[in-house]
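Below is one structure, written out as structure tokens, with a few remarks after it.
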Amino acid sequence: MAAINQYRPDYAIPPGWVLEERLEVQGISQAEFARLCGCSPKLISEIVSGKAPLELETARQFEKVLGVDASIWLGIEDAYKPHRSQEAERHLVFISHANPEDNEFASWLGTRLTTAGYEAWTDVFNLKGGETFWRDIGTVIKEEVAVAIVALSHASYQKDGVLDEIALAVNTGRQLNKQQFVIPIRLDDLPFSDFPEQLIRLNAIDFFPNWADGFSQLLKALKDSQIPQSTSDFGEALIAWQKFKLRQSNPISGTPESVFSNWFQISSLPSHINFSRFNASQEAVKRAFDEFQSPATQYMRLAVSFADAAVLQMETIPDILLEHAYRVPLVQFLDGQRNNRPQVSWREARNIVTGLLRQAWEQFAQSRGLLLCEFAHGSTWFVPLDLIEGNIATFQDESGNRRHRRLVGRSKKRGVYWHFAVSGKVNISDPQHLLLRTHVVFTQDGKTPLASTARAHSLRKSFCKNWWNDRWRDLLRAFVSTLANGKEEFSLSLGGGAVATIAASPMDFKAPLSITENGSASIAEEDHIEDETEADALDDFDSDLDGTDFDDLLDYEEGIYDRFVTPTH
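Using the working numbering, read the sequence shown as starting at 18 and increasing by one per residue.
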């Protein structure tokens, strides 16, 4: 009799799949089933998803509730156990691409995935000279890959190496019974109908014409597929990128190197935050927030601000009365401590403080004469014509040398002015900082952004296409130095004399390796004051319809940096 009840499947599925089907047939919810079995809903959920193993005592409870012998449940578990172990070991995100035609993209994507917490594998990072190429790739796909990304382009879709990787990945996915094991992505205008036969029915992610939009969709797909994320940090991504670039051209040095970011550290914040209570109608409360000059936000019937009730009272009309309610230490507020204070969670508290600092940044930008421009993805502040003398800003570089950079210029080819611009985002996680994303705004009169979004979009694609990181870095440093009036710090007014103090120099990080140029240390470039129309020389004038929108590409913000940091020498 025992032999009859012994479960001997010729294929392996997690016991949770059988359980889920049985519960659906019997009309029992997972929560109800957990209650009947006397175990937690979380355990049932993890068994159903295949994450948790089915133990003997749990199988006996299943038998009592569903009438299916415990030995059958354990037989299913024993058959699936090797597959669960194998799945647990799969952690890599494999990138298949045309080598060398699409190496730059593979390097970009691998670095972005690493900064997002995934362990990316691409031959431009992971294969070294002398290794057996196909053996290594085949072993990785069959044994370690959790998902295979296939980058399809005019260069790759008929390439033998890519087709071999596709065949192996598709076959591996079938053996694992994973429908989402292979994710095709499109890099250029390759017709979807030209995709390899094995991939033509899969849902492809379009990276053309905008890599950033495609990457956002890819991250969602990886999250939906529950691809494991590693503890890799940005330093690992930087090292991988360095190694790839150095294998292409310049040698590597074991000398540590500093790299600049677009983070500006918040060096001090007020010690307390204030809650003020309204004695007025809701309509009057709304009117009060329109009149406040100090950054403030509403929480229930309270005004939250670094300014106290007396200051806020002076900023609104007399018939709207405010009184002091709470004065809370900022550190305790951000930690979500609730001792005799408003019941604000730490997450709500951080959103409140971030919102107040954002208001302060926007007020500061406006007070310094910057003009607002609305983009599809948010607002940005740009330098208008003649705001600064000669439209040229000065700053001090890391060596202490005085440098000059033009922040507004004229394009004779296009018949427009270009203006350096930034958008700001406050992050109060450690280290607390103001993140400044760089943009370019185009006007015809030096102050009014172009009305045609299509033309502005086209200009951003071509005009700035040949502006490399060192140019953006120096423009940003010159811009912030101007905002700070050449001082080491600048302050955002938070009301009532309270301020947030921010460093005027970007935060830098240490990479354990450095890149040398032509086999020797790089030489610091000489200062150069750019003519008004000199940027036209970098303008890719005949390629309006080509390339990726620079602003959109650099505005992805899930990783540690919005834009790859720039080495300093």
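In this text, a Cβ means the ideal position worked out from N, Cα and C, and glycines have one as well.
Buried or exposed by the 16-neighbour rule on C-beta atoms within 10 Å, applied to residue i
i	result
Gln376	buried
Lys303	exposed
Gln196	exposed
Arg422	buried
Asp325	buried
Trp485	exposed
Trp363	exposed
Gln449	buried
Thr465	exposed
Ser531	buried
Leu562	Bear in mind that the predicted position of Leu562 carries a pLDDT of just 32, short of 50, making it too unreliable to give a figure here.
Asp140	buried
Gly190	buried
Tyr174	buried
Arg477	buried
Asp491	buried
Gly115	The sequence given here places Ala at residue 115; Gly does not occur at that position. Ala115 is buried by the Cβ-count criterion.
Glu94	buried
Arg454	buried
Tyr316	exposed
Glu300	exposed
Ala366	buried
Leu73	exposed
Beta strand (DSSP E) segment containing residue i, residue limits
i	result
Lys527	525 to 528
Thr460	450 to 460
Gly441	433 to 444
Thr131	Premise fails: Thr131 lies in the alpha helix (DSSP H), 120 to 132, not in any beta strand (DSSP E).
Arg107	First-last for Arg107: undefined, no H or E at that position.
Leu388	388 to 392
Glu274	274 to 277
Ile290	289 to 296
Ser428	425 to 428
Helix, strand or coil at residue i [DSSP, three-state]
i	result
Leu509	strand
Arg477	helix
Cys54	helix
Gly372	helix
Gly536	Residue confidence for Gly536 is low, a pLDDT of 41 falling below 50, so the modelled location carries little weight; the figure read from the coordinates is stated next. Here Gly536 sits in coil by DSSP.
Phe306	helix
Asn408	helix
Asp559	Note that Asp559 scores 40 on pLDDT, short of 50, meaning its location in the model is unreliable; the coordinates nonetheless yield the value given after this. In the structure shown, Asp559 sits in coil (DSSP, three-state: anything other than H, G, I, E or B).
Thr518	strand
Thr397	strand
Ser62	helix
Gln282	strand
His93	What sits at residue 93 in the sequence shown is Ile, not His. DSSP places Ile93 in helix when its eight states are reduced to three.
Phe381	helix
Glu72	coil
Ser498	helix
Phe111	strand
Gln299	helix
Gln78	helix
Ala137	strand
Asp487	helix
Gln413	strand
Phe251	Model confidence at Phe251 stands at a pLDDT of 49, short of 50, so the residue's coordinates are unreliable; what they give is reported in the following sentence. DSSP places Phe251 in helix when its eight states are reduced to three.
Endpoints, the alpha helix (DSSP H) within which residue i is located
i	result
Lys482	Per DSSP, Lys482 belongs to no alpha helix (DSSP H) and is neither H nor E.
Val85	No alpha helix (DSSP H) contains Val85, which DSSP labels as neither H nor E.
Phe232	228 to 241
Glu37	32 to 43
Proximity test, Cβ basis, 8 Å: residue i and chain B
i	result
Thr460	This model lacks chain B altogether, as it is built from one protein chain only.
- Item | Sufficient close CB pairs (3 or more, under 8 Å) joining the segment 160 to 177 to the segment 188 to 205 | With the cut-off at 8 Å, the segment 160 to 177 and the segment 188 to 205 touch.
- Quick check: the segment 337 to 348 against the segment 286 to 298, are there 3 or more CB pairs under 8 Å? Yes, the segment 337 to 348 touches the segment 286 to 298.
- Query: Does the pairing of the segment 426 to 435 with the segment 460 to 467 give three or more beta-carbon distances under 8 Å?
  - Reply: Verdict: yes, contact present.
- Item | Cβ contact check for the segment 466 to 477 and the segment 493 to 501: 3 or more pairs under 8 Å | Cβ pair count under 8 Å is below three, so no.
- Item | Entirely enclosed beta strand (DSSP E) segments - the segment 153 to 218, minimum 3 residues | Here the runs fully enclosed are 162 to 169, 199 to 203.
- For the segment 313 to 361, list the alpha helix (DSSP H) runs that are entirely contained and at least 4 residues long, ordered along the chain. The segment 313 to 361 contains, as complete alpha helix (DSSP H) runs of 4+ residues, the segments 326 to 331, 347 to 351 (chain order).
- Query: Touch check for the segment 177 to 185 and the segment 124 to 136: three-plus C-beta pairs under 8 Å?
  - Reply: With fewer than three CB-CB distances shorter than 8 Å, the segment 177 to 185 does not count as touching the segment 124 to 136.
- Query: Should the segment 393 to 409 be regarded as contacting the segment 522 to 531, the criterion being three or more beta carbon pairs within less than 8 Å?
  - Reply: With a cut-off of 8 Å, the segment 522 to 531 and the segment 393 to 409 do not count as touching, because too few Cβ pairs lie within range.
- Query: When the Cβ atoms of the segment 513 to 526 are set against those of the segment 309 to 327, are three or more pairs found closer than 8 Å?
  - Reply: They touch, by the three-pair rule.
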